[in-house]
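The sequence shown begins at 26 in the numbering used here and counts up by one. By construction, the Cβ of each residue, glycine as well, lies at the ideal position given by its N, Cα and C atoms.
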Amino acid sequence: MQVADGLSFNGNGRRDAAWHPNAAQTALVTGGQQLQTDARWQGTGLAFASRKAVMSILVSAKTYTPPPEGLHQAVCVDVVDLGMVDGPFGRKPKCRVVFELDALADSGRRFTISKTYTLSLHEKSTLHKDLRAWRSRPFSPDELKGFDLERLVGVPCQVLVTHVERDGTVYGNVTAIMKADKGKGYEGSGQYTRRGNHVTEDHEVADYDDSVQPDEGPSF
26 MQVADGLSFN
36 GNGRRDAAWH
46 PNAAQTALVT
56 GGQQLQTDAR
66 WQGTGLAFAS
76 RKAVMSILVS
86 AKTYTPPPEG
96 LHQAVCVDVV
106 DLGMVDGPFG
116 RKPKCRVVFE
126 LDALADSGRR
136 FTISKTYTLS
146 LHEKSTLHKD
156 LRAWRSRPFS
166 PDELKGFDLE
176 RLVGVPCQVL
186 VTHVERDGTV
196 YGNVTAIMKA
206 DKGKGYEGSG
216 QYTRRGNHVT
226 EDHEVADYDD
236 SVQPDEGPSF
């Protein structure tokens, strides 16, 4: 039996015109493919066949392993603009700051953890408080007029991770950010790749601050 364009022909290549609208359907499995063959063509040398690939849909439950609790040496590896995000206090502009920690996961890669902020440098905002602690100095009036968060990428710090449970899953939260210890700034593994509008493997890290020692790493 030969199959061409969804039709099967007998040896002489002729199609038998015999057909009955109430003919029963039978299913055949051949070579890993399912062929639905109309029994009305059986015995005539012609089988009407429609190929349906047998597909498997696999679903798995991924497990999340949070970074260990405690204080970690870290480096900022990404800043992502989330745009306007709906929240309990209305729509606000948000960003996500991503850190790579010096702690190793079971996969052999470094843990990454992020924190989402409202884009505001008001003195009571979380972003203002965290950046001030990270910088270990207040913002100047000019900086408060406009601060480029891209300057954070490549800057080392210390990140305090605490655990919180939600719906039976334990997550890691960034509770505090501090300036990196002098001479212990974590430079990162290079494993993290920025995505979206930030795709770059040779991103220019924040400039060194002339007021600090070079071994303290980039500053902002």
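Would residue i be called buried (16 or more neighbouring beta carbons within 10 Å of its own) or exposed?
i    : result
L107 : exposed
G193 : exposed
G197 : buried
P118 : exposed
L169 : exposed
D173 : exposed
L259 : Since the first residue shown for the chain is 26 and the last is 245, residue 259 is missing from the structure and cannot be characterised.
K149 : exposed
L83  : exposed
R39  : Confidence at R39 is low in this model, with a pLDDT of 48, below 50, so its placement is unreliable and no value can be given for it.
K204 : buried
H188 : exposed
G210 : buried
Y142 : buried
L96  : exposed
V110 : exposed
P181 : buried
G179 : buried
A72  : In this predicted model, A72 has a pLDDT of only 45, less than 50, meaning its place in the structure is not dependable; the value taken from the coordinates is given anyway. Its Cβ being crowded by 16 or more others within 10 Å, A72 is buried.
Is residue i close to the ligand ADP? I mean its beta-carbon at under 7 angstroms from any heavy atom of the ligand.
i    : result
D206 : The ligand ADP is absent from the structure shown, which contains no ligands of any kind.
In the DSSP output, what is residue i paired with across the bridge?
i    : result
R116 : D111
G133 : None, per the DSSP bridge assignment.
L152 : Answer is none; L152 lacks a bridge partner.
A99  : L126 and C182
V105 : R121
Y142 : C120
Kindly give me the distance between the Cβ atoms of residue i and residue j, rounded to whole angstroms, as I take these residues to be in contact under 8 angstroms.
i    : j    : result
F164 : L146 : 7 angstroms
V195 : P91  : 6 angstroms
L126 : R134 : Not confirmed; about 11 angstroms, so no contact.
P93  : V199 : Wrong, their Cβ atoms sit about 13 angstroms apart, outside the cutoff.
R121 : V105 : 4 angstroms
D103 : R176 : Contact doesn't hold; Cβ gap of about 13 angstroms is too wide.
Would the segment 152 to 159 and the segment 209 to 221 be scored as touching if the rule is three or more Cβ pairs under 8 angstroms?
-> Contact fails: fewer than three Cβ-Cβ distances are below 8 angstroms.
If you scan the segment 164 to 216 from start to end, which runs of the beta strand (DSSP E) of 3 or more residues do you find wholly inside it?
-> 181 to 191 and 194 to 204
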